[in-house]
Each structure stands twice: as structure tokens, then as C-alpha cells.
Ligand SMILES: Cc1cc2nc3c(=O)[nH]c(=O)nc-3n(C[C@H](O)[C@H](O)[C@H](O)COP(=O)(O)OP(=O)(O)OC[C@H]3O[C@@H](n4cnc5c(N)ncnc54)[C@H](O)[C@@H]3O)c2cc1C
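Shown next as C-alpha cells:
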């Protein structure tokens with residue numbers, strides 16, 4: 236039994252979601268865990284201490300191309316004869332997981348939020364996070380895409396070794412014409428704390444309220460769909476059914492009504508705080524803590540209180 240884990244990197248650093256995937260694989264107790272990354276990386280120790288016993292490094296492939304990456308990962312999986320491939324259910328993971336499963340003729344579970352139980356079943360989020368399904372993956376080979384922020388990162392004392400695997404990097408089918416980088420300080424999907432604003436903030440000129448609070452809490456910023464549709468904020472911040480799904484430890488929603496389509500992307504957050512001047516706002520039903528008040532009054536006071544602490 237062996238497991239291969241794809242660890243995404245950004246600017247040469249392992250992404251948190253990738254480290255969670257390695258820790259998840261280690262806790263499966265299903266055999267040797269090999270981590271795989273592409274291009275510049277942080278080295279062996281960082282993956283060893285969370286449970287990997289080896290690391291495969293593939294050459295840099297330029298901009299992310301799901302066809303190229305999935306083909307390379309599948310080749311490594313076949314070469315090492317692994318039973319299970321674990322990846323994060325990130326943007327990249329959502330792209331490559333089905334392709335890897337197809338190439339390996341493996342069964343696939345995405346949005347996974349539990350370790351396999353004694354029967355080999357895992358729990359996965361379905362219907363935009365409104366329900367959970369218990370699924371059993373048939374067949375000898377499996378691909379598991381695990382939901383970011385669902386598993387802790389282990390801290391073991393273990394050593395690992397580099398492994399060489401020959402792969403043929405395919406041509407890929409997509410030519411990058413232009414890349415517009417998201418400028419947010421903290422990537423939304425990786426953030427532990429997210430401060431989100433809705434139409435109740437009246438206009439883009441008031442977003443300093445959200446940003447100042449986010450700075451105090453080292454948080455990422457997000458918004459509701461109408462806010463990005465009106466171009467008050469970039470589309471990369473739009474959370475919900477048609478936007479990004481997030482699962483931070485703390486989600487603070489300011490001036491957001493709590494429509495079902497918004498909740499679909501944020502309801503798995505560990506703690507939800509809602510700030511809304513309407514006590515009947517539906518979001519309060521999904522909140523762990525609520526403040527009924529005017530955002531223009533509450534937020535500066537909250538930010539000030541945090542600043543003075
Ligand atoms: C197919 C489909 C997909 C959709 N996908 C998404 C999605 O992915 N994400 C998403 O967000 N929406 C989505 N929507 C839209 C969704 O239905 C709601 O219309 C939207 O979420 C409402 O955004 P909002 O809460 O910012 O605005 P509003 O509904 O206008 O709510 C504004 C809130 O601010 C409060 N408020 C006003 N002034 C203040 C103040 N001074 N202080 C404090 N509170 C104040 C109000 O009481 C109100 O509750 C989708 C809709 C459809 C039909």
C-alpha cells in the first residue's frame with residue numbers, strides 16, 4: 236500500500252492546503268506516503284515532519300496547465316504503483332483530480348472532509364456544502380481531493396528521502412495569453428480569518444472599513460456576489476454558490492443578508508459572526524455570534540478595540 240500526495244507550491248513555498256493533504260495521507264495509516272511537488276520547493280524536512288517518507292520533485296512546467304500536471308502526477312502514481320492519490324480540493328485540485336482519476340482508472344471522491352472509516356468510506360460535502368454524503372470508493376485505485384481547512388497539519392519527527400521518478404512532460408493543450416494576478420494580501424482559500432462585505436456597505440469607497448478590520452486580524456477580504464457584479468470589489472473575492480467556497484476558522488459578514496446562495500460558499504466556516512442592522516436578516520440564523528447594528532458605527536469601534544489590544 237502506498238499513497239502519493241500532490242503538494243501545491245506558491246513562490247517556492249508549500250501551500251497550507253498541500254501540507255494538510257500530506258498530514259491527511261499520513262493519518263490514513265495506509266502505507267508509505269510520498270509527497271510530490273513541482274518546481275521550486277521548501278525541501279524535505281517540511282514534508283517529513285508532517286508524515287511523508289519521500290519527496291518527488293518534478294521540473295517546473297511554467298504556468299499551471301491541468302492536462303500537463305495531471306498527466307505527470309498520473310505517471311508518478313503508476314511508476315510508484317500507489318493505491319491512493321491525495322490532493323487538495325483547491326482550484327488546481329478540482330481541475331486535476333478528475334483527470335488523474337480518469338488516467339489511473341481510479342475511483343474519485345472530491346470535497347472530502349473525513350479520513351476513511353474502518354469500511355474505507357469517506358464523508359464528502361455535497362449540494363454546495365448543504366449536505367454530507369458517506370461514500371465508498373470501489374476498485375484498487377482511489378483519488379481523494381480533500382477540502383482545505385478541514386484537517387490539522389501534523390508535527391512529527393520523521394525523516395524523508397528524495398525519490399527520482401522519470402516522467403514525460405506532455406505538450407499540454409492550453410496556451411497562456413495573459414495572466415492577471417489577484418492582488419489580495421492573503422489568498423482567500425488559505426485564510427484562517429475572512430472579513431466579508433455586502434451591499435450594506437453602500438459603495439467601494441467604504442471598503443477601508445473591511446480592510447482596516449482585516450489588517451488587525453491578519454485576515455483575507457471577501458464579498459457577496461452583487462458587490463463584485465457592481466465592480467466594487469474584484470470577482471476573485473466573490474464567495475458563494477457561484478463564487479469561491481471557503482472554510483475559514485472565522486468568517487465575519489458585514490452588511491450581507493445571508494441569501495442561501497451566499498451561505499452555500501461560507502456555511503462550513505468554523506465560527507460565523509454576522510454584523511447587520513436588520514435583526515431579521517436571515518444570516519443571523521446561521522451565525523454563532525451576531526451584532527445588530529450599523530456597520531458604519533460598529534466596525535470602526537471593533538477595529539479600534541483590536542488595535543488597542
Ligand atoms: C443563481 C444565483 C447564484 C447566486 N450566487 C451567489 C453567490 O455565489 N454569492 C452571493 O453572495 N450571492 C449570490 N447570489 C445572490 C444572492 O441571492 C443575494 O442576492 C446576495 O447574496 C445578496 O447580497 P448582499 O447580502 O450583499 O446584499 P443584500 O441582499 O442587499 O443585503 C444587504 C444587507 O446589508 C444590511 N445592511 C444595510 N445597511 C447596513 C448597515 N449600514 N450596516 C449593517 N448592515 C446593513 C441589510 O440589512 C441587508 O441584510 C446568487 C443568486 C442567484 C439567483
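In our numbering, the protein residues as written are 236 to 544.
Cβ atoms here follow ideal geometry from the backbone N, Cα and C, with glycine treated the same way.
As the structure is a computational prediction, the values presented were derived from the model and not from experiment.
{"Query": "Residue 367 (DSSP reduced to helix, strand or coil)", "Result": "strand"}
{"Query": "Given 8 Å, three or more beta-carbon pairs between the segment 291-304 and the segment 402-410", "Result": "yes"}
{"Query": "C-beta contact flag for residue 319 and residue 398 at 8 Å", "Result": "no"}
{"Query": "Cα-Cα separation, residue 339 to residue 517", "Result": "45 Å"}
{"Query": "Whole beta strand (DSSP E) elements within the segment 342-428, 3-residue minimum", "Result": "342-347, 356-361, 366-371, 377-381, 396-398"}
{"Query": "Cβ-based neighbour list, residue 377, same chain, cut-off 8 Å, excluding 5 preceding and 5 following", "Result": "318, 319, 320, 341, 342, 343, 344"}
{"Query": "Inter-stretch contact (C-beta, 8 Å, three-pair minimum) for the segment 247-256 and the segment 422-439", "Result": "yes"}
{"Query": "From 541, 267, 306, 313, residue whose alpha carbon lies closest to that of residue 453", "Result": "541"}
{"Query": "Whole-number beta carbon distance between residue 458 and residue 435, since they are thought to touch under 8 Å", "Result": "Going by Cβ atoms, the distance from residue 435 to residue 458 rounds to 11 Å, so no, they are not a contact pair."}
{"Query": "Touch test, the segment 470-483 against the segment 494-510, Cβ-Cβ under 8 Å, three pairs minimum", "Result": "yes"}
{"Query": "Residue 491 in three-state terms, based on DSSP", "Result": "coil"}
{"Query": "heavy atom of ligand 1 below 7 Å from residue 510 C-beta", "Result": "yes"}
{"Query": "Supposed close pair residue 393, residue 488 - CB separation, criterion 8 Å", "Result": "So it is not a contact: roughly 40 Å between Cβ atoms."}
{"Query": "Outcome for residue 460 when other beta-carbon atoms lying within 10 angstroms are tallied against a minimum of 16", "Result": "buried"}
{"Query": "Beta strand (DSSP E) runs contained entirely in the segment 458-519, provided each spans 3 or more residues", "Result": "485-489, 506-511"}
{"Query": "Identity of the residue in 414, 327, 500 nearest residue 361 by Cα", "Result": "500"}
{"Query": "Bounding residues of the beta strand (DSSP E) (the contiguous stretch that carries residue 274)", "Result": "Here residue 274 belongs to no beta strand (DSSP E), and DSSP marks it neither H nor E."}
{"Query": "Validate contact between the segment 298-309 and the segment 325-333 using beta carbons, cut 8 Å, 3 pairs", "Result": "yes"}
{"Query": "7 Å CB neighbourhood of residue 365 in its chain, flanking five on each side removed", "Result": "499"}
{"Query": "Spatial distance of residue 437 from residue 416 (CA atoms)", "Result": "27 Å"}
{"Query": "Cβ contact (3+ pairs, closer than 8 Å) linking the segment 507-527 and the segment 464-476", "Result": "no"}
{"Query": "Rounded straight-line distance, which links the Cα of residue 273 to that of residue 336", "Result": "19 Å"}
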